[in-house]
Amino acid sequence: MSRSETLQPAPIWRRLAASVYDGLLLLGLWMSAILVEEVLRALFGFGHAWAALRAYLLLLGFCFFGWSWTHGGQTLGMRAWRLRVDSAYGPGLRWPAALSRYALLLCCWGVSLAPLLARLPQVREEPLARPVTLVCLTLLVLGFTAMRLDRLRRGPQDHLSGSLVVLLPRTPG
974 MSRSETLQPA PIWRRLAASV YDGLLLLGLW MSAILVEEVL RALFGFGHAW AALRAYLLLL
1034 GFCFFGWSWT HGGQTLGMRA WRLRVDSAYG PGLRWPAALS RYALLLCCWG VSLAPLLARL
1094 PQVREEPLAR PVTLVCLTLL VLGFTAMRLD RLRRGPQDHL SGSLVVLLPR TPG
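With my numbering applied, the sequence shown corresponds to residues 974 to 1146, in that order.
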């Protein structure tokens, strides 16, 4: 009996719940990292290096998700919702697959958050705000429809990284 027959694909709503949980953890990590960066910058009198800060935060996010996915296949949010990322080789991913999964997840979250950001007063008046919102909402509907129709409930990041998010059985006690 194969792994896909013994473990069922994770429901979309559980994946979203784990994503929100992990997003809050990542936000906390980023806030701590920015605090450290600000203190070090003030201590040594350096100016703002926005590109370096963005790269630092992206790398920190990759370390958080990549390490979790390559060491047991679970982030803290996934543990809370009994989810695990599996690959063709078993539980957990290899680093290249984790990198591709993380990169596409960032794109997917960007598409998801763009309509909300377009509602901000300073962005709402931009000429491309409305078309970008419509494109992003269309991509969201298509993405969720594709996940719903896929028997393994795979998202774009799963297809790219060759992974599957599974629902783990309840443990007694």
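Beta carbons: idealized from backbone N, C-alpha and C, even for Gly. For clarity, every value in this text was computed on a predicted model and none was experimentally measured.
Discussion item. For Phe1117, count the other beta carbons within 10 Å of its own beta carbon; 16 or more makes it buried, fewer makes it exposed. Which is it?
Written reply: exposed
Worksheet item: Looking at C-alpha atoms only, which residue of Tyr1062, Leu1026 and Ala1053 is the closest neighbour of Val993?
Response: Comparing Cα-Cα distances from Val993 to each of Tyr1062, Leu1026 and Ala1053, the minimum goes to Ala1053.
Fill in: Leu1101, buried or exposed, once every other Cβ within 10 Å from all chains shown has been counted against 16
Label assigned to Leu1101: exposed.
Worksheet item: So what's Gln1047 in DSSP terms, helix, strand or just coil?
Response: coil
Discussion item. Among Leu1090, Gln1047 and Arg1092, whose alpha-carbon lies nearest the alpha-carbon of Ala1071?
Written reply: Gln1047
Worksheet entry | Collapsed DSSP secondary structure at Gly1135 in the structure displayed | coil
Worksheet item: Near Asp1131, which residues of its chain fall below 7 Å by C-beta distance, leaving aside the five closest residues on each side in sequence?
Response: These residues qualify, in order along the chain: Leu1137 and Val1138.
Item to complete: Return the chain-ordered list of same chain residues with a C-beta closer than 8 Å to the C-beta of Leu1049, the five sequence neighbours on each side being excluded.
Response: Tyr994, Asp995, Leu998 and Ser1041
Worksheet item: Going by C-alpha distance, which of His1044, Trp1003 and Gly1128 is nearest Pro984?
Response: Gly1128
Discussion item. Excluding the 5 residues flanking Gly1039 on each side, which residues of the same chain have their C-beta closer than 7 Å to its C-beta?
Written reply: Trp1068, Ala1071, Leu1072 and Tyr1075
Worksheet item: Which runs of the alpha helix (DSSP H), 4 residues or longer, sit entirely within the region 1057 to 1116?
Response: 1068 to 1090 and 1094 to 1097
Item to complete: Give me the Cα-Cα distance between Val1084 and Ser1060, rounded to the nearest whole angstrom.
Response: Cα to Cα, the separation comes out at about 25 Å.
Worksheet item: According to DSSP, what are the bridge partners of Pro982?
Response: Val1139
Discussion item. Distance check for Leu1141 and Ser1056, CA to CA, integer angstroms please.
Written reply: It is Leu, not Ser, that sits at residue 1056 in the sequence shown. Cα-Cα distance, rounded: 6 Å.
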